[in-house]
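S.K.: Below are the structure tokens for one structure; questions will follow.
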Amino acid sequence: SVQPLSRAHPNLKKPLLPIFFCLGERKMKVKLLQWHAVASWTWDAQDETCGICRMAFDGCCPDCKLPGDDCPLIWGACNHAFHLHCILKWVNSQTTQAHCPMCRREWQFKG
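Read left to right, the sequence shown gives residues 202 to 312 (the working numbering).
Pasting the structure below:
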């Protein structure tokens, strides 16, 4: 019978490639002809949503039309993250020194 290498050898935690072999007298060799890698990404933020617009970070802010429309996340010195457009509106709407909308500390862009 053909079994995945990871099931046949319980000490092997995670095989690098899906390699199969035959149990018994003959061994099978596998040659990879193509390899299609798949990756996903997420923002490395403490929260999953913007504290101003409440939209998910993997989407876009209300001012953008489509996800990926140059709507990056911006971190403050306090480590709170917001959509770029959201925090710029927030900072410009403050009559005095701008404060973080989450913790109320003086707002400074993390540099």
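Beta carbons: idealized from backbone N, C-alpha and C, even for Gly. Everything numeric in this text was worked out from a predicted model, so none of it was measured.
Let's see if you can read the secondary structure: which residues bound the alpha helix (DSSP H) around Leu285?
M.R.: Translated into positions along the sequence shown, residue 285 becomes position 84. Note, Leu285: alpha helix (DSSP H), Leu285 to Ser294.
S.K.: Only counting the same chain, and skipping five residues up and downstream in sequence, which positions put a Cβ closer than 7 angstroms to that of Gln309?
M.R.: For the purposes of this step, residue 309 is taken as residue 108 along the sequence shown, with counting starting at 1. So the qualifying residues of the chain are Gly277 and Ala278.
S.K.: Have a look at Cys265 and Leu274 and give me their C-alpha separation to the nearest angstrom.
M.R.: Counted from its first residue, the sequence shown places residue 265 at position 64. Counted from its first residue, the sequence shown places residue 274 at position 73. Roughly 13 angstroms separates the two Cα atoms.
S.K.: Quick one: residues in its chain with C-beta nearer than 7 angstroms to the C-beta of Arg208, no 5 flanking neighbours on either side, listed in chain order?
M.R.: The residue you call residue 208 lines up with position 7 of the sequence shown. Because Arg208 carries a pLDDT of 48, less than 50, the predicted location of this residue cannot be relied on, and the following value inherits that uncertainty. Within the same chain, Arg208 has no close Cβ partners at all.
S.K.: Report buried or exposed for Val203, applying the criterion of at least 16 other Cβ atoms within 10 angstroms of its Cβ.
M.R.: The sequence position of residue 203 within the sequence shown is 2, counting from 1. Because the pLDDT of Val203 is 49, which lies under 50, any placement of that residue in the model is unreliable, and the number read from its coordinates should be weighed accordingly. So Val203 counts as exposed.
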